[in-house]
Amino acid sequence: MDLRFSADDEAFRAEVRGWLDTQLAGEFRHLRGQGGPGHEHEHLDGRRAWERVLGAAGWIGLGWPRAAGGQGASLLRQVIFHEEYARARGPGRLGHIGEHLLGPTVAAFGTDAQRARVLPPIARGEALWCQGYSEPGAGSDLAGVQTRAELVGRQWRITGQKIWTSHAHIADACFVLCRTDPASSRHQGLSYLLVPMRQAGVTVRPIQQLTGTSEFCEVFFDDARTDADQVVGEIGGGWRVAMATLTFERGASTLGQQIGFAAELDAIIAAARARGADRDAVIRQRLADAWIGLQVMRWNALRMLAHGERGELPREALMTKLSWATWHRTLGELAMDVLGPDAEVTDGAPYQLTTLQQTFLFSRADTIYAGSNEIQKNIIATRALGLPRGA
Amino acid sequence: MRFAFSDEQDQLRRALRRALDDAGGVAAARRAMASEVGHDAALWRVLGRDLGLAGLLAPEALGGAGLGWVEVVAVMEELGAVVAAVPFFATVALAGAALQVAADDAQRRALWPTLARGDATATVAYLAPGADPGADVVGAAARAVDGGHLLSGTLRAVVDGATADLVLVAATDAAGDVALYAVAGDAAGLTRRRVSTMDQTRALAELTLDDVRVAATARLAAGGRDVVARVLDLARIALAAEQLGGAQRCLDLAVDYAKVRHQFGRPIGSFQAVQHACADMFVAVESARSAAYHAGWAADQDLPALAEVAAATSAFCGDAFFRVAGDTIQVHGGIGFTWEHDAHLYFKRARASRALLGAPASQRERVAHHLGLGVEATATAMATAPGT
Ligand SMILES: Cc1cc2nc3c(=O)[nH]c(=O)nc-3n(C[C@H](O)[C@H](O)[C@H](O)COP(=O)(O)OP(=O)(O)OC[C@H]3O[C@@H](n4cnc5c(N)ncnc54)[C@H](O)[C@@H]3O)c2cc1C
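Protein chains in written order, with the numbering used here: chain A, 1428 to 1818; chain B, 207 to 594.
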């Protein structure tokens, strides 16, 4: 049992920290803490420029295999980077979906040509991607996808509708799960297509969220095109590829997020002390419980990481999404209770939410996207515990 | 980074598991429940002497194995899995912690070898009537007299207190300092009464001290002011591991049963309500595991933040085991409500354990204090200052 980071890893941490501190002191200073969940619409130009700076310094694609142009960094190092990024209050990442969802997927399933075409622009911080999975009729039950694609000559022609697509309004391209075998149903006959967003056949309509802002969109494909060789994995074998992406989404990139959570909790604790809300024993209990929950998530993450160093994440990693989403949503509720009557008052009209209001409202999404809490529990019950599937 | 046990530690665990299985597992605890002393002395001879668990923490020079809290955690997890009724927790975790952090060299040499050989058992008595086990320790009253001390008072919830050969009694002296005093189990003026308890797998006693006289050298106070608090924190970590072991076994029982019990023509484990209950139990158990293992490591590192780690781990594992044990009864339906089924042994153990060294709420209050919350309001109610 040795839960310390190695000297090499600590040196890496120092390097990341030094770099971020320097970069975020200069021209990008005003981006610190900007653009996180609930603030996705803020400082878009600055954050695009910031992605390029990250890319030029080689920080994007840290965990991709070397053969795919990445650094092959260990899971631990990737987490260290995430932690330092959160500690430095780095701007909300516009390139997250490309780097952490599509990148590893293409590295694992793509052809050499696809890797060469797709990965370098992501690594340079230039290409922004979005994830086209959910549809009006296919959310948790993703196998119900109806969007169709047909190969006509040397191009796919895509028709259908996606919904809740984060960043679709700013993305250059989308990885779209669609049905390429019209006679198929459920998990069969699906393919994973890479589709440019800026074309006549694609219409994006931002959806206003309960935060008042628009981070996700409806995306309409009306005879949209992409080249024949833009299928990742087998034609008709898209389900496997799509599931792999979800594993990346639920796995490594979330193990280092306790640092960011700690900053949120600190702000709530400070608010409680400043307002005297901590005179209330129930509030004290809830704050302590939040702190304990955060420590436990940290210890869980260290355990998964140490295990992950020796190969695959263990089955216990299946609880990661459920744990953090539930913890964060509870924290949002606590934040409001700490503020008492002031919880209602926004920063201004028309609907300028305070940071804690953002935490409260946006955390409602945490238990829905990337597999809702209920879906996570289904997964734990059947995969980790081996219980029989429901009828 | 390594968040796992070493091969040697795994071997120890396997040997212990085999010995517990040989003794009949939970059946051994049931036998002990019905016994006069309330623990399984024969099993303890096997574990304490043959497996060397009695001397786990004692330095090699004193006849022990010179191991640490990571090993204690592994052992407690295994013992918890079968609600074992043996004096390991009292003798090794509680008294061992006291000898480790509160005794000077001479006291260790005098007290530890007998315990390490498994020739005697020991415990710590600290809870005054009406006191919160999670708050400041007052213990009995100590009065310095010529060449020694006189101890008086009543102490409750003393684990294995009616049978322990050595009792380390927490007491406050005239100057307000709390220390531990080594008292022989048969000392004059000491009355011990085993208390009938809802959880029958851990024997508790009430001790009354009426001017019990001990020598000056019997005062264990090497570790400074907060030494008793530190002893209890180490014991909380051991107890958390026991809670983990019990919770894991409950989850196993529930999941195994959910796979075979059929209702409405299908296994109950295919019903989502049952599945989600089991998934919640899984999250609780695996999180408790991370917490308890981490805490064992932290204890060996002697981290300054050990008080917070112990409080957090204790609160979390105390809640986790109790909830999981309750849900285990629920998943079993009627059979889970019987004396014959083991579920109630875990449920009652979970209930008792979560109060033994301070309820989760009082541990959370310590955490709140550490976070600077409610400090003015509760300054006097706080248990121990963090960073001991
Ligand atoms: C902020 C945000 C960003 C998002 N970004 C993207 C994105 O970029 N790309 C993308 O493709 N999608 C995205 N989504 C969509 C997200 O993946 C879906 O919302 C999610 O999969 C749930 O699907 P649904 O909304 O259709 O709800 P439904 O699937 O209809 O679920 C409704 C309720 O029923 C429950 N439920 C459903 N099935 C079961 C079951 N089998 N057992 C028990 N309960 C069940 C759910 O848990 C939920 O509580 C985003 C969502 C949010 C909120």
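All residues carry an ideal CB built from backbone N, CA and C; glycine is no exception.
Please report whether the beta-carbon of residue i lies at a distance below 8 Å from any beta-carbon of chain A.
i, result
"M207 of chain B", "yes"
"L372 of chain B", "no"
"V537 of chain B", "no"
"W503 of chain B", "yes"
"R570 of chain B", "yes"
"G452 of chain B", "no"
"A591 of chain B", "The pLDDT assigned to A591 of chain B is 34, lower than 50, so where the model puts this residue is not dependable; a value taken from the coordinates is nonetheless given after this. Cβ-Cβ to chain A under 8 Å: no for A591 of chain B."
"T594 of chain B", "Its pLDDT being 27, under 50, T594 of chain B is placed unreliably by the model, and nothing is read from it."
"Q306 of chain B", "no"
"E242 of chain B", "no"
"G580 of chain B", "yes"
"S402 of chain B", "no"
"L263 of chain B", "no"
"Y552 of chain B", "no"
Assign residue i to one of three DSSP states: helix, strand, or coil.
i, result
"H1734 of chain A", "helix"
"Y1560 of chain A", "coil"
"T590 of chain B", "Below a pLDDT of 50, predicted positions are generally treated as unreliable, and T590 of chain B, at 34, falls in that range; the measurement from the model is reported next regardless. Coil."
"A1540 of chain A", "helix"
"L577 of chain B", "coil"
"D1650 of chain A", "strand"
"W545 of chain B", "coil"
"Q1582 of chain A", "strand"
"G231 of chain B", "coil"
"R1444 of chain A", "helix"
"L1620 of chain A", "strand"
"P1777 of chain A", "coil"
"D416 of chain B", "strand"
"E1645 of chain A", "strand"
"D1608 of chain A", "coil"
"H468 of chain B", "strand"
"H355 of chain B", "strand"
To which residues of the same chain is residue i closer than 8 Å at the C-beta, ignoring the five residues directly before and after it?
i, result
"V1506 of chain A", "A1679, L1682, G1683, A1728 and L1732"
"A494 of chain B", "A446, Q449, L450, A453, F522, C523, A526 and F527"
Could you pull out every residue in the same chain whose Cβ sits closer than 6 Å to the Cβ of residue i, ignoring the five residues on either side in sequence?
i, result
"G1490 of chain A", "A1500 and Q1505"
"R1667 of chain A", "none"
"G1759 of chain A", "T1786, F1787 and S1790"
"L1814 of chain A", "A1808"
Residues in the same chain with beta-carbon distance under 7 Å from residue i, minus the five sequence neighbours each way, listed in chain order, please.
i, result
"G532 of chain B", "F553"
"T1638 of chain A", "G1465, L1780, Q1785, L1788 and F1789"
"A322 of chain B", "A260, G261, A264, L268, G269 and G270"
"R1475 of chain A", "L1521"
"Q1718 of chain A", "Going by the sequence as given, residue 1718 of chain A is Trp instead of Gln. Excluding sequence neighbours, W1718 of chain A sits near L1692."
"S1412 of chain A", "Nothing can be reported for residue 1412 of chain A, as the shown portion of chain A is limited to 1428 through 1818."
"L305 of chain B", "R314, L317 and W318"
"T1532 of chain A", "V1659, V1668, A1671, T1672 and F1675"
Contact criterion: CB-CB distance below 8 Å. Does residue i meet it with respect to chain B?
i, result
"G1817 of chain A", "yes"
"R1730 of chain A", "yes"
"V1723 of chain A", "yes"
"A1808 of chain A", "yes"
"R1702 of chain A", "no"
"W1754 of chain A", "no"
"W1591 of chain A", "no"
"H1734 of chain A", "yes"
"D1429 of chain A", "yes"
"W1446 of chain A", "no"
Just checking my contact of residue i with residue j at CB under 8 Å: how many whole Å lie between their CB atoms?
i, j, result
"L1604 of chain A", "Y1560 of chain A", "5 Å"
"G391 of chain B", "D371 of chain B", "5 Å"
"V252 of chain B", "L300 of chain B", "About 21 Å; that fails the 8 Å criterion."
"S520 of chain B", "R455 of chain B", "Rounded, the Cβ-Cβ distance is 20 Å, inconsistent with contact."
Q. In the region 513–539 of chain B, which residues sit with their C-beta less than 7 Å from some C-beta in chain A, listed in chain order?
A. A518, A521 and F522
Q: Could you name the residues of the region 464–478 of chain B whose beta carbon sits closer than 8 Å to any beta carbon of chain A, in the order they occur along the chain?
A: A464, K465, R472, P473, G475, S476, F477 and Q478
Q: Report the residues of the region 410–441 of chain B with a CB closer than 8 Å to any CB of chain A, ordered along the chain.
A: none
(Q) Any C-beta of chain B within less than 7 Å: which residues of the region 1668–1701 of chain A qualify? (A) I1696, A1699 and R1700
(Q) Tell me which residues of the region 1772–1791 of chain A have at least one Cβ-Cβ distance to chain B shorter than 7 Å, keeping chain order. (A) none
Q.
If the cut-off is 7 Å on Cβ atoms, which residues from the region 1741–1769 of chain A count as contacting chain B, listed in chain order?
A. E1743, M1746, L1749 and S1750
Q) If you measure beta-carbon to beta-carbon, which residues of the region 272–291 of chain B are closer than 8 Å to chain A? A) V276
(Q) Residues of the region 1706–1722 of chain A in Cβ contact with chain B at a cutoff of 7 Å, in chain order, please. (A) R1706, R1711, Q1712, L1714, A1715, D1716, W1718, I1719 and Q1722
Q: May I ask you to list, following chain order, the residues of the region 1496–1520 of chain A that have a beta carbon less than 9 Å from some beta carbon of chain B?
A: L1503
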